[in-house]
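**Q** Got a structure for you, questions after.
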Amino acid sequence: MASANSADPVAGPPAAPQYLPPSVQGAVKILVTGPFGVGKTTLVGSLSEISPLRTEETMTAASSGVDDLTGRGGKTTTTVALDFGRITLNPRLALYLFGTPGQQRFWPLWDDLSRGALGAIAMVDLRRPDESFDVLGRLEEQQIPFAVAVNTFPDTPSYPEEELRSALDLLPGAPILYCDARDRRAAYDLLIDFVDHLYRTSVLEPQR
Amino acid sequence: MSGGGPVRPYVITGGRSRPTRTELAFESLVVALADRPELPEHALLNREHRRILDLCHSLLSIAEVAAHLGLPLGVVKVLVGDLWDLGAVQVLPPVPQAERLPTTLLEEVLVGLRQLR
Numbered sequence: 314m315a316s317a318n319s320a321d322p323v324a325g326p327p328a329a330p331q332y333l334p335p336s337v338q339g340a341v342k343i344l345v346t347g348p349f350g351v352g353k354t355t356l357v358g359s360l361s362e363i364s365p366l367r368t369e370e371t372m373t374a375a376s377s378g379v380d381d382l383t384g385r386g387g388k389t390t391t392t393v394a395l396d397f398g399r400i401t402l403n404p405r406l407a408l409y410l411f412g413t414p415g416q417q418r419f420w421p422l423w424d425d426l427s428r429g430a431l432g433a434i435a436m437v438d439l440r441r442p443d444e445s446f447d448v449l450g451r452l453e454e455q456q457i458p459f460a461v462a463v464n465t466f467p468d469t470p471s472y473p474e475e476e477l478r479s480a481l482d483l484l485p486g487a488p489i490l491y492c493d494a495r496d497r498r499a500a501y502d503l504l505i506d507f508v509d510h511l512y513r514t515s516v517l518e519p520q521r
Numbered sequence: 508m509s510g511g512g513p514v515r516p517y518v519i520t521g522g523r524s525r526p527t528r529t530e531l532a533f534e535s536l537v538v539a540l541a542d543r544p545e546l547p548e549h550a551l552l553n554r555e556h557r558r559i560l561d562l563c564h565s566l567l568s569i570a571e572v573a574a575h576l577g578l579p580l581g582v583v584k585v586l587v588g589d590l591w592d593l594g595a596v597q598v599l600p601p602v603p604q605a606e607r608l609p610t611t612l613l614e615e616v617l618v619g620l621r622q623l624r
């Protein structure tokens, strides 16, 4: 069974379900995306109140090319693993964080995943930034509000922000944030900075 | 679906890949109704439908149901859609997102995160 992110720490077998309080009335979601092995599941795990869960979605795609899902011939079915976590924000509202593979071949999943999302955190490993080009382009194309989150591995090189912005070919609206995804506090600061960015943008541009 | 016509038998999803209710999302919340209507004799719930009803005695998202039952997300969306049509579960759709991102919703998320930090 093909698994999209088996190099990330494995989300364990589901323990007993941890139910939401009965007062909860709805949920919102944020995507955590980026290339294979960038630390998506680690970040989700640092933020989540439950052990990250793994679920699978089958994806039917044309075996050559990516866009022709309606073509008659040459379809293949792949199973994609999605890891996700949850934060109960207050007695009424829950937030789900979906680790979303960012490579082009997983784009057939993106319509379902991104519909209704508040935004996306696009994780980047500066030791191999080119692997993030696909997903950054996709986010801009789909006009999903996002921030770049540089996962600071011990040997992550540092660049001046302008240089990095130009290397990643980022539009001015997307902030660049830094975070050690393993650290709960740092992960929370990252998520708070991101939502604060969404909030400010939404206040400034209510027509978005 | 309404009208109370015969409910067709299922295999698992009866070959359907789309839920009957398009508004179901991975983060939609599901709970089995304690006082659900008596299901008609011909409402042939399969084993997976019953597992969902058993699991969802309290509130969980579609994604959590899929993870705990080891079923693909797309299958769970279809099955929960069936149960919803039968009035056996309550579904809390994700907070509606219009073209405009509601500023008050983002503020609520922000306040919640700051308190948990």
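Residue numbers (the working numbering), protein chains in the order written: chain A, 314 to 521; chain B, 508 to 624.
Glycine residues also receive a C-beta, built at the ideal position from the N, C-alpha and C atoms.
Measure how close the beta-carbons of residue 392 of chain A and residue 371 of chain A come, nearest whole angstrom, since I'm counting them as under 8 Å.
**A** Confirmed, about 6 Å.
**Q** Measuring only the C-alpha atoms, how far is residue 333 of chain A from residue 618 of chain B?
**A** Residue 333 of chain A and residue 618 of chain B: Cα-Cα distance of roughly 19 Å.
**Q** Taking only beta-carbon atoms, is residue 556 of chain B less than 7 Å away from chain A?
**A** Residue 556 of chain B does not count as touching chain A.
**Q** Hey, does residue 610 of chain B have any beta-carbon neighbour from chain A nearer than 7 Å?
**A** Residue 610 of chain B counts as touching chain A.
**Q** Is residue 456 of chain A helix, strand or coil when you go by DSSP?
**A** Residue state, collapsed to three classes: coil.
**Q** Excluding sequence positions up to five away, which residues of its chain have a Cβ less than 6 Å from the Cβ of residue 536 of chain B?
**A** Around residue 536 of chain B: 566, 568, 599.
**Q** State the Cα-Cα distance for the pair residue 583 of chain B and residue 474 of chain A, rounded to the nearest angstrom.
**A** The straight-line gap from Cα to Cα measures roughly 44 Å.
**Q** Run through chain B and tell me which residues come within less than 8 Å of residue 464 of chain A, C-beta to C-beta.
**A** Near residue 464 of chain A there are no residues of chain B at all, since even the closest Cβ is about 19 Å away, more than 8 Å.
**Q** Starting from the Cα of residue 564 of chain B, find the closest Cα among B:541, B:580, B:556 and give me that residue.
**A** Closest option to residue 564 of chain B, Cα to Cα, is B:541.
**Q** Exposed or buried, which one is residue 484 of chain A when buried takes at least 16 other CB atoms within 10 Å?
**A** Looking at its Cβ environment, which holds fewer than 16 other Cβ atoms inside 10 Å, residue 484 of chain A is exposed.
**Q** Express the C-alpha separation of residue 422 of chain A and residue 440 of chain A in angstroms, rounding to a whole number.
**A** Cα to Cα, residue 440 of chain A sits roughly 27 Å from residue 422 of chain A.
**Q** Can you find a CB in chain A that lies within less than 7 Å of the CB of residue 518 of chain B?
**A** Confidence is the limiting factor: at residue 518 of chain B the pLDDT is only 45, short of 50, which leaves the residue's position unreliable and the question unanswerable from this model.
**Q** May I have the straight-line CA-CA distance separating residue 383 of chain A from residue 580 of chain B, to the nearest angstrom?
**A** Residue confidence is low: residue 383 of chain A scores 48 on pLDDT, short of 50, so the model does not pin down where it sits. Its coordinate-derived value is still stated next. Distance between the alpha carbons of residue 383 of chain A and residue 580 of chain B: 21 Å.
**Q** How far does the beta strand (DSSP E) with residue 597 of chain B in it reach, from first residue to last?
**A** Run containing residue 597 of chain B: 596–599, per the beta strand (DSSP E) assignment.
**Q** Here's the rule I'm using: 16 or more other beta-carbon atoms within 10 Å means buried, otherwise exposed. How should residue 424 of chain A be labelled?
**A** Under this definition residue 424 of chain A is an exposed residue.
**Q** With which residues is residue 396 of chain A paired in a DSSP beta bridge?
**A** In the DSSP output, where bridge partners are listed per residue, residue 396 of chain A has A:367.
**Q** Using the C-alpha atoms, what's the distance from residue 343 of chain A back to residue 505 of chain A?
**A** Distance between the alpha carbons of residue 505 of chain A and residue 343 of chain A is about 12 Å.
**Q** Got a sec: is the Cβ-Cβ distance from residue 501 of chain A to anything in chain B below 7 Å?
**A** For residue 501 of chain A, the answer is yes, since a Cβ of chain B falls inside 7 Å of its Cβ.
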